[in-house]
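Encoded as structure tokens, the structure appears first; notes follow it.
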Amino acid sequence: MENDKKMDITQHRIGVFDSGIGGLSVLKELLKTFPEAQYYYFSDDAHAPYGPKSDEFITDRSFKITQELVDQGPELIVVACNTATAASIDALRAHYPNMTFVGVEPYLNAIYKETTPAKMVVLTTESTGKSERFKRLKERLDPIGFIDNFSLKNLARMVEEFYYDPGLEAQFDRELELELAPLQGKNYTHAILGCTHYPLVRNKIEMILNLKTLSPCPYVAQRVRELSVKDNEVLSPADHEFYFYSSSKPGWTKKDRDNFLGPFKK
Ligand code: DGL
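Read left to right, the sequence shown gives residues 6 to 271 (my numbering).
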């Protein structure tokens, strides 16, 4: 029959979550690399930042958010938060064996990719810096301790508070200088951004510290596409919007794909 010859068009649904807006740096790459998918982004802004919180708290939130996302019918969930990945991804995978989870981890592989002489520091939240998962990753990829490790106590919170308010940019810049002051004079050439909030202000970090920043977000997006799309699959055309849920204003709303980053964007 004529209809049997019609090709199936696949609509992929991807859930994404973060403690707040940091995961938008991952979503931005996903929209470039895999624009055909429909995205459901959960911002846990009522509970941000996660960095100073306990593993139990972060895991409890990750489970509640994952259930809300699962209810939207995604085939894959991106834990677009280094802190939640470190604290909870193993437990999430064990509890939802039929769901594919992709996490975000500090991109320490950068030491094998940079060809120029480098002095590197990885910037994380307090929680990620203390986590067993991060320590194992660091021992595996950087056993001789080539990369320094520095936890930024306030930066995720600051991005959360200031990012959408252009009137506060000068204040943000002053606070960022203070936050980064301990890293001055160390002659770092590269900073690995181990928190998804940081790529949102990477141009400012690069200017203040006079170095290059490295982010895992494009690799995460590539991995999501590889895991989702089969060879020869016909994909649905891209949507103009994505779904957004903020825990401080519960309920799903739609946001424009071309216009969701704050005024500090590069
Ligand atoms: N954006 C998150 C991360 O990648 C969480 C930051 C925070 O809430 O402290 O670690």
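We put the CB at the ideal spot given by N, CA and C, even for glycine.
In this text the structure is predicted, and so the values were computed from the model without any measurement.
{"Item": "CA nearest to the CA of A161, picked from F247, N103 and G56", "Value": "G56"}
{"Item": "Three-state class that DSSP yields for Y203 in the structure shown", "Value": "helix"}
{"Item": "Status (buried if at least 16 other CB within 10 Å, exposed otherwise) for N208", "Value": "exposed"}
{"Item": "C-beta contact flag for D60 and A92 at 8 Å", "Value": "yes"}
{"Item": "D273 Cβ short of 7 Å to the ligand DGL heavy atom set", "Value": "Summary: the structure shown does not reach residue 273, with the chain confined to residues 6 through 271, and so no result is reported for it."}
{"Item": "CB contact below 8 Å: M125 versus chain B", "Value": "Of the chains in the structure shown, none is chain B; there is only one protein chain."}
{"Item": "G134 - DSSP class collapsed to helix/strand/coil", "Value": "helix"}
{"Item": "Test item: CB-CB of A186 and L128 under 8 Å", "Value": "no"}
{"Item": "R66 classed as buried or exposed, judged by whether at least 16 other C-beta atoms fall within 10 angstroms", "Value": "buried"}
{"Item": "Cut-off 8 Å between Cβ atoms - residues of its own chain near E174, not counting five sequence neighbours on either side", "Value": "F167, P268 and F269"}
{"Item": "Cross-strand partners of Y250 (DSSP beta bridge)", "Value": "F47 and W257"}
{"Item": "Helix, strand or coil at M125 [DSSP, three-state]", "Value": "strand"}
{"Item": "Alpha carbon of N114 to alpha carbon of L142, nearest angstrom", "Value": "10 Å"}
{"Item": "Backbone secondary structure at V75 - three-state DSSP", "Value": "helix"}
{"Item": "Sequence-distant residues of the same chain with beta carbon closer than 8 Å to K10, five excluded per side", "Value": "Because the pLDDT of K10 is 48, which lies under 50, any placement of that residue in the model is unreliable, and the question is left without a value."}
{"Item": "From K33, F39, L32 and G28, residue whose alpha carbon lies closest to that of V239", "Value": "F39"}
{"Item": "Cβ separation of H202 and G27, assumed to be a contact under 8 Å, to the nearest whole Å", "Value": "4 Å"}
{"Item": "Y55 beta carbon near the ligand DGL (any heavy atom closer than 7 Å)", "Value": "yes"}
{"Item": "First through last residue of the beta strand (DSSP E) which encompasses D95", "Value": "Looking at the DSSP string, D95 is not in any beta strand (DSSP E); the run it does join, the alpha helix (DSSP H), is N87 to H100."}
{"Item": "Residue span of the alpha helix (DSSP H) that contains R228, given as start and end", "Value": "C222 to S233"}
{"Item": "According to DSSP, residues forming a beta bridge with K217", "Value": "H195"}
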